[in-house]
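Undergrad: Okay, here's the structure, questions in a sec.
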Amino acid sequence: MYKLSQRFSNLFQWLLSATLAYLYKYARPVIKWTIRKTTGLCELQRICYYEPAGALRIMGVEESLSKSKNSEVERLLQYLERAANEKRFNDENAQTIIKNTTQAVCSIKKIRPDIHQPFKKSLGESVSIIWGYRQLLVELESIRTTPYDAENPVHEKKLLELWDSLMPQRNLESRVSSDWKDLGFQGEDPKTDFRGMGLLGLENLLHFAQSYKDAALHVLSHSHHPKYGYECEKFLEMIYINNKQLLFVIPLIRYSFAIVGINLTVHRPAVLHFHRFYCFLFFEFDKLWMAGMLSMLDKNSICDNFVSSEFRSSSGAKITYKCNPVGDPV
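So the sequence shown is numbered by the UniProt record's numbering: it starts at 1 and just counts up by one.
Laid out in structure tokens, this is it:
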């Protein structure tokens, strides 16, 4: 009887949610028109003027633009998507793209740019972060799909630098050696461990080892624990491959929050920010693992527990992430 009642309750909640979403979809234009006539400001202006700088403003701008039914706005979004996919949000082109975007929005929304200069600045910063972030995803996927190549001297150099960073007092017996297992790799040739993550996996590990050395050595010591030990590379691969969106969902929602001690005042996320955030994720995963809160046998449990833990701890609008138990990155 209880299960039947629960099913009806879930069905009612779903119907209510669907009905409200349907009503909002058609009522939204009327609400927007009424507020604009009352305040003299369009929705984007209200967001840029009244929402505090940071994630709330950025997500508000993104939602407003994405829900617009204006054909000119839709073409503008296509222009921004192409720019991100073609990696044109760079030092050479970004300012021109942002300038064109803010001018187009002012023209479409009939906003006088000479009067609303603060709006143009705020909108430009939001656009830079939103589509700069989307470009970052394109760049990261490009690195991830670049396979590790043992014949590439650049790849090999990075791999050996990883060893030197984590094992400074010990010489590697040979390029293919069981020594690599002491770093948490599964076999004698670590290149096989990068099949899923590609070059991105190596670069993440190398950044962790070089920029947060004390934290990396701290985690490495845990991998050798007689009870809680794990294969570091397998652990990282699980984080990325089995829940690929995990690494993207959290920073996507936080946008301009302080990422691992770096405040995104540059208004354009970079691969460096991702590396630092990844280090934080690995360090936090290790803490949950050592606390006995995760099981390697249940991969979905790892991701679910970690995500819920992170969202609970970062519910505020501003947060700084740190993964070095000693201090700032070297």
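Every residue, glycine too, gets a C-beta built ideally from N, C-alpha and C.
Taking 8 Å as the cut-off, does the stretch 39 to 53 touch the stretch 108 to 123 (at least 3 CB pairs, one atom from each stretch)?
TA: Yes, the stretch 108 to 123 is in contact with the stretch 39 to 53.
Undergrad: Mind checking whether Leu-206 and Leu-136 have CB atoms under 8 Å apart?
TA: In the sequence shown, the residue the question calls residue 206 occupies position 206. In the sequence shown, the residue the question calls residue 136 occupies position 136. In this structure, Leu-136 does not lie closer than 8 Å to Leu-206 by Cβ.
Undergrad: What residue range does the alpha helix (DSSP H) around Thr-192 cover?
TA: Here residue 192 is taken as the residue at index 192 of the sequence shown, counted from 1. Thr-192 -> no alpha helix (DSSP H), and no H or E assigned at all.
Undergrad: With H, G and I counted as helix, E and B as strand and the rest as coil, what does DSSP make of Gly-201?
TA: One-based indexing of the sequence shown puts residue 201 at position 201. Three-state result, Gly-201: helix.
Undergrad: Check whether the stretch 81 to 90 touches the stretch 58 to 65, counting contact only when three or more Cβ pairs, one atom from each stretch, lie closer than 8 Å.
TA: Segments in contact, no.
Undergrad: Is Pro-147 buried or exposed, if buried means 16 or more other CB atoms sit within 10 Å of its CB?
TA: Taking the first residue of the sequence shown as position 1, residue 147 is located at position 147. Under this definition Pro-147 is an exposed residue.
Undergrad: For a minimum of 4 consecutive residues, which ranges assigned as the alpha helix (DSSP H) are wholly contained in the stretch 41 to 65?
TA: For the stretch 41 to 65, whole alpha helix (DSSP H) runs of length 4 or above, ordered along the chain, are 43 to 50.
Undergrad: Count the other CB atoms, across all protein chains shown, that sit within 10 Å of the CB of Gly-187; report buried if there are 16 or more and exposed otherwise.
TA: Numbered from 1 along the sequence shown, position 187 holds the residue referred to as residue 187. With fewer than 16 Cβ atoms within 10 Å of its Cβ, Gly-187 is classed as exposed.
Undergrad: Mapping DSSP to helix, strand and coil, what is Pro-118?
TA: Translated into positions along the sequence shown, residue 118 becomes position 118. Note: Pro-118 maps to helix in three-state DSSP.
Undergrad: DSSP three-state label for Tyr-148, please.
TA: Counted from its first residue, the sequence shown places residue 148 at position 148. It is coil, neither helix nor strand.
Undergrad: Where does Asn-124 land, buried or exposed, given buried means 16+ other C-beta within 10 angstroms?
TA: In the sequence shown, the residue the question calls residue 124 occupies position 124. Checking the displayed sequence, the identity of residue 124 turns out to be Gly instead of Asn. Gly-124 should be labelled buried.
Undergrad: Distance, Cα to Cα, Arg-276 vs Phe-208?
TA: The residue given as residue 276 occupies position 276 in the sequence shown. The residue given as residue 208 occupies position 208 in the sequence shown. Distance between the alpha carbons of Arg-276 and Phe-208: 8 Å.
Undergrad: If you run the structure through DSSP and keep just helix, strand and coil, what is Phe-185?
TA: Taking the sequence shown and counting its residues from 1, the one referred to as residue 185 is at position 185. Three-state DSSP puts Phe-185 in coil, outside helix and strand.
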